[in-house]
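S.K.:
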Amino acid sequence: MDLHNTLTNQISRIIPLKDNIISIYSCGPTVYDSAHIGNLSSYIYADTLHRTLEASGLNVTHIMNITDVDDKTIKKSRELNHKQEPMEALSSLTKEYAGTFFEDMKDIGIDINSYDFVKATDHIEHMQIIINNLLTAGFAYITEDGVYFSIQKYIDSGKKYGQLLNLTNINNGKARIDNDEYDKDSAIDFALWKKRKGDEPFWKFEIKGEKLDGRPGWHIECSAMSASALGIPFDIHTGGIDLIFPHHENEIAQSTANSKNQIMATTFFHNEHLLVGGKKMSKSLDNFFTLLDIKNKNIDVLSFRVFVLQSHYRSQSNFSWENLLSAQIILQDIRNWADLRFQNLESKELKKDYEQALPKIFKSVSNDLNTPEALSILISLIKKTGEIGADSQAISDSLVVIEKLFGLNLLNRQDITQFQKETIKQRALARNNQDWELSDTIREELYNSGIKIRDTEQGQIWSRTNT
RNA sequence: GGCGCGUUGGCCGAGCAGUUAGGCAGGAGUCUGCAAAACUUCGUAGAUGGGUGCAACUCCCAUACGUGCCUCCA
């Protein structure tokens, strides 16, 4: 497939580094609170990328990290459980929200078994090794409050800082200097390790006799986890557009400082933000929604996946309830179409349409993940099914492909019960006898049991009322 | 202040230099025992001002507005 690469700002063909294995590292959640749907949209795009690559015949190794130690997790765990041991408080908080995160992932159609999740706290030792190596090689220095990475040393070694972003004026970033509360040589240097303050949770760390008990900086977590799972370099690094700087830029610096290669990953995949009322959805603006908000409105959460796929990952999309409801209608249409495979329908001429549509859909997603186009082709196909008539076999066959790419839980839909099937047969009988009264009564019975009937040239076709 | 991105019909949202995107919502109609569905059809989009082209929503330049990153952030 072809994909936009933030490193080159161009769309280029994805070619695996090793055989036909694609390695992906996705920046996952910081588990101090429920994810909002903007966070989740990022994972939906990464998941669709994963699915498309698999559909291209590649084996995908997909790592997603869980950040379970950082400023926010520590702060919140101290507030909530100030009587508990700091480490225990941290772990009980992050366990809870990691749990809700996995539930959310399942709800939005992500097969969590096709990912390897890694936790930051399981990789502390590896982070310490990297920090130690960076210190030894002169890329890092120790201060009163921690260990810092020296951008200047990195640049001096002949590598480029600013691979993803044009950083010519980064030193002039006024906000950056104002917010600088740490003891570092240069405003752009960043913490690899933060020494323990007060009763924060900490890990033992000693270098050359110097006691540095504390916790890792945010960026080093991803460098360590990606390296231990995938090595350097790997194929695709994903995340929201806001992670480009400084997070990914710093990851690159850490991961490549000690390596001949200056590439951390061959492709960087970044998705645009979800907006609300034209503004970025964020916790700080308090304009965010969670999956729970969607559930509370009795809207199927998979509608959100459809909503996300309706816009391209590199353009912003504006979230509104009206748009989500519109996506829900599309989801219903797709599900009703999927259920046609249970209904023994036939239409020879339609087979051709399926044979043409599926490669088109695949071509669209392969072209820089153009999911809106792919969805529109699918919808046209569904409309055509209504027009000409359905073919159960063709639908069964194509569902496998559609499900593979879109992840809408279409394959585990159930057939109606034997009793309901019998009831439909009885109605057909009544209709043959022109017993409209009985026919209508049966139709109402079926409706009450959750089955909607429409009469077509191919006979009765059912769909579920609750989808 | 620095570096980007966007502006499409009531709402959302693509592709494409010349031929209908698609969806949602609305009007009218066809079909139907009824219903539902489906279909047909209507409102004829492309921020503004220039430029290049036989031809621009589509390329280029400006302006306006919006928005993102530069600080934790998907």
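When you read off a place in the first sequence, starting at 1, and then add 986, the result is the number in this note's numbering.
Think of the CB as a built atom: it goes at the ideal place given N, C-alpha and C, for glycine as much as any other residue.
Just confirm the distance between the C-beta atoms of Tyr1393 and Asp1033, as a whole number of angstroms; I'd bet it's less than 8 Å.
M.R.: Counted from its first residue, the first sequence places residue 1393 at position 407. Counted from its first residue, the first sequence places residue 1033 at position 47. The displayed chain sequence assigns Gly, not Tyr, to residue 1393. Indeed they touch by this definition, with Cβ atoms about 6 Å apart.
S.K.: Measure the beta-carbon distance from Pro1002 to Leu1066 and round it to whole angstroms, keeping in mind my assumption that it falls under 8 Å.
M.R.: In the first sequence, counting from the first residue as 1, residue 1002 sits at position 16. In the first sequence, counting from the first residue as 1, residue 1066 sits at position 80. Incorrect: roughly 44 Å between the Cβ atoms, too far for contact.
S.K.: Could you tell me the alpha carbon to alpha carbon distance between Ala1161 and Asp1108, rounded to whole angstroms?
M.R.: As a working note, residue 1161 is residue 175 in the first sequence. As a working note, residue 1108 is residue 122 in the first sequence. Confidence is the limiting factor: at Ala1161 the pLDDT is only 44, short of 50, which leaves the residue's position unreliable, though a coordinate-based value still follows. Distance between the alpha carbons of Ala1161 and Asp1108: 34 Å.
S.K.: Tell me whether Pro1187 is buried or exposed, calling it buried when 16 or more other Cβ atoms sit within 10 Å of its Cβ.
M.R.: Taking the first residue of the first sequence as 1, we reach residue 1187 at position 201. Classification for Pro1187: buried.
S.K.: With a Cβ-Cβ cutoff of 8 Å, do Leu1288 and Leu1317 count as a contact?
M.R.: On the first sequence, position 302 is the one that residue 1288 refers to. On the first sequence, position 331 is the one that residue 1317 refers to. Yes, these two residues count as a Cβ contact at 8 Å.
S.K.: As a quick exercise: from Val1055, Asp1090 and Met1250, pick the residue whose alpha carbon is nearest that of Thr1080.
M.R.: As a first step, residue 1080 must be located in the first sequence, where it is residue number 94. Measuring from the Cα of Thr1080, the nearest candidate turns out to be Val1055.
S.K.: Quick one, which of Tyr1299, Phe1088 and Leu1076 has its alpha-carbon nearest Ala1021's?
M.R.: Taking the first residue of the first sequence as 1, we reach residue 1021 at position 35. Measuring from the Cα of Ala1021, the nearest candidate turns out to be Phe1088.
S.K.: Whose CA, out of Asn1452, Asn1398 and Phe1348, lies closest to the CA of Arg1037?
M.R.: The residue given as residue 1037 occupies position 51 in the first sequence. Out of Asn1452, Asn1398 and Phe1348, Phe1348 has the C-alpha closest to the C-alpha of Arg1037.
S.K.: Taking C-alpha atoms, which residue in Gln996, Ile1227, Ile1030 and Phe1255 lies nearest to Leu1460?
M.R.: Because the chain here runs from 987 to 1453, residue 1460 falls outside it and cannot be looked at.
S.K.: When burial is assigned at 16 or more other CB atoms within 10 Å of the CB, is Ile1445 buried or exposed?
M.R.: Here residue 1445 refers to the residue found at position 459 of the first sequence. In the sequence as displayed, the identity of residue 1445 is Gly instead of Ile. Per the 10 Å Cβ criterion, exposed.
S.K.: If you reduce the DSSP assignment to three classes, tell me which class His1048 lands in.
M.R.: Sequence index remark: in the first sequence, residue 1048 carries index 62 (1-based). In the structure shown, His1048 sits in a strand (DSSP, three-state: E or B).
S.K.: My output table needs one value for Pro1072: the three-state DSSP class, helix, strand or coil.
M.R.: Start at 1 with the first residue of the first sequence, and residue 1072 comes out as number 86. Looking at Pro1072 - three-state DSSP - the assignment turns out to be helix.
S.K.: By Cβ distance below 6 Å, which residues in the same chain neighbour Leu1459 in space, the five residues on each side in sequence not counted?
M.R.: Coverage of the chain is limited to positions 987 through 1453, which leaves residue 1459 absent and any answer about it impossible.
S.K.: If you follow the alpha helix (DSSP H) that Ile1134 is in, where does it begin and where does it stop?
M.R.: Start at 1 with the first residue of the first sequence, and residue 1134 comes out as number 148. Looking at the sequence shown, residue 1134 is not Ile but Tyr. Premise fails: Tyr1134 lies in the beta strand (DSSP E), Gly1132 to Phe1135, not in any alpha helix (DSSP H).
S.K.: Runs of 4 residues minimum, wholly inside the segment 1093–1151: which ones carry the alpha helix (DSSP H) assignment?
M.R.: 1110–1122 and 1137–1142
S.K.: Considering only the beta carbon of each residue, do Leu993 and Phe1254 sit closer than 8 Å?
M.R.: Reading the first sequence from its first residue, position 7 is the one you call residue 993. Reading the first sequence from its first residue, position 268 is the one you call residue 1254. Going by C-beta atoms, Leu993 is nearer than 8 Å to Phe1254.
S.K.: Do you know how far the Cα of Arg1429 is from the Cα of Glu1443?
M.R.: As a working note, residue 1443 is residue 457 in the first sequence. As a working note, residue 1429 is residue 443 in the first sequence. When only Cα atoms are considered, Glu1443 and Arg1429 end up about 17 Å apart.
S.K.: Counting only the same chain and skipping the five closest in sequence on each side, list residues whose C-beta sits under 8 Å from that of Ser1378.
M.R.: Translated into the one-based positions of the first sequence, residue 1378 becomes position 392. Leu1326, Arg1327, Phe1328, Gln1329, Asn1330, Leu1331 and Glu1332.
S.K.: Return helix, strand or coil for Asn1165, following the three-state DSSP convention.
M.R.: As a first step, residue 1165 must be located in the first sequence, where it is residue number 179. Residue placement at Asn1165 is poorly supported in this model, since its pLDDT is 46, which falls under 50; the coordinates still yield a value, given next. Three-state DSSP puts Asn1165 in coil, outside helix and strand.
S.K.: Report the CB separation of His990 from Asp1354 in whole angstroms; it is logged as a contact under 8 Å.
M.R.: If you number the first sequence from 1, residue 990 lands on position 4. If you number the first sequence from 1, residue 1354 lands on position 368. Sure, about 5 Å apart at Cβ, within 8 Å.
S.K.: Looking only at C-alpha atoms, which of Ile1437, Lys1346 and Lys1170 sits nearest to Ala1126?
M.R.: As a working mapping, residue 1126 is identified with position 140 in the first sequence. Checked all of Ile1437, Lys1346 and Lys1170; the closest Cα to Ala1126 is Lys1170.
S.K.: If you reduce the DSSP assignment to three classes, tell me which class Phe1275 lands in.
M.R.: Sequence index remark: in the first sequence, residue 1275 carries index 289 (1-based). Correct three-state label for Phe1275: coil.
S.K.: Counting only the same chain and skipping the five closest in sequence on each side, list residues whose C-beta sits under 6 Å from that of Trp1204.
M.R.: As a working note, residue 1204 is residue 218 in the first sequence. So the qualifying residues of the chain are Asp1056.
S.K.: Around the C-beta of Pro1345, are 16 or more other C-beta atoms found within 10 angstroms, so that it is buried, or is it exposed?
M.R.: Here residue 1345 refers to the residue found at position 359 when the first sequence is read from its first residue. With fewer than 16 other Cβ atoms within 10 Å, it is exposed.
S.K.: Would you grab the beta carbon distance between Ile1010 and Asp1228 for me? Rounded to a whole angstrom, and I think it's under 8 Å.
M.R.: Taking the first sequence and counting its residues from 1, the one referred to as residue 1010 is at position 24. Taking the first sequence and counting its residues from 1, the one referred to as residue 1228 is at position 242. That pair is no contact at about 19 Å.
S.K.: Secondary structure at Thr1409, three-state DSSP: helix, strand or coil?
M.R.: Translated into the one-based positions of the first sequence, residue 1409 becomes position 423. Here Thr1409 sits in helix by DSSP.
S.K.: Which same chain residues, not among the five before or five after Met1050, have their C-beta less than 6 Å away from its C-beta?
M.R.: Looking up residue 1050 in the first sequence gives position 64. For Met1050, where only same-chain residues beyond five positions count, the Cβ hits under 6 Å are Ser1012, Gly1014, Tyr1101 and Phe1103.
S.K.: Could you tell me how far apart the beta carbons of Thr1053 and Glu1207 are, in whole angstroms, since I believe they sit closer than 8 Å?
M.R.: Position 67 of the first sequence, counted from the first residue, corresponds to residue 1053. Position 221 of the first sequence, counted from the first residue, corresponds to residue 1207. For Thr1053 against Glu1207, the beta-carbon gap comes to about 6 Å, under 8 Å, which counts as contact.
S.K.: Have a look at the DSSP bridge pairing and note the partners of Glu1196.
M.R.: The count along the first sequence starts at 1 and reaches residue 1196 at position 210. Ile1193.
S.K.: Please name the residue in Asp988, Ala1210, Asn1006 and Asp1005 whose C-alpha comes closest to that of Leu998.
M.R.: Stepping through the first sequence from its first residue, residue 998 is reached at position 12. Correcting the residue identity first, residue 998 is Ser in this sequence and not Leu. When only C-alpha atoms are compared, the closest one is Asp988.
S.K.: Contact between the segment 1135–1154 and the segment 1173–1186: three or more CB pairs below 8 Å?
M.R.: Contact holds: three or more Cβ-Cβ distances are below 8 Å.
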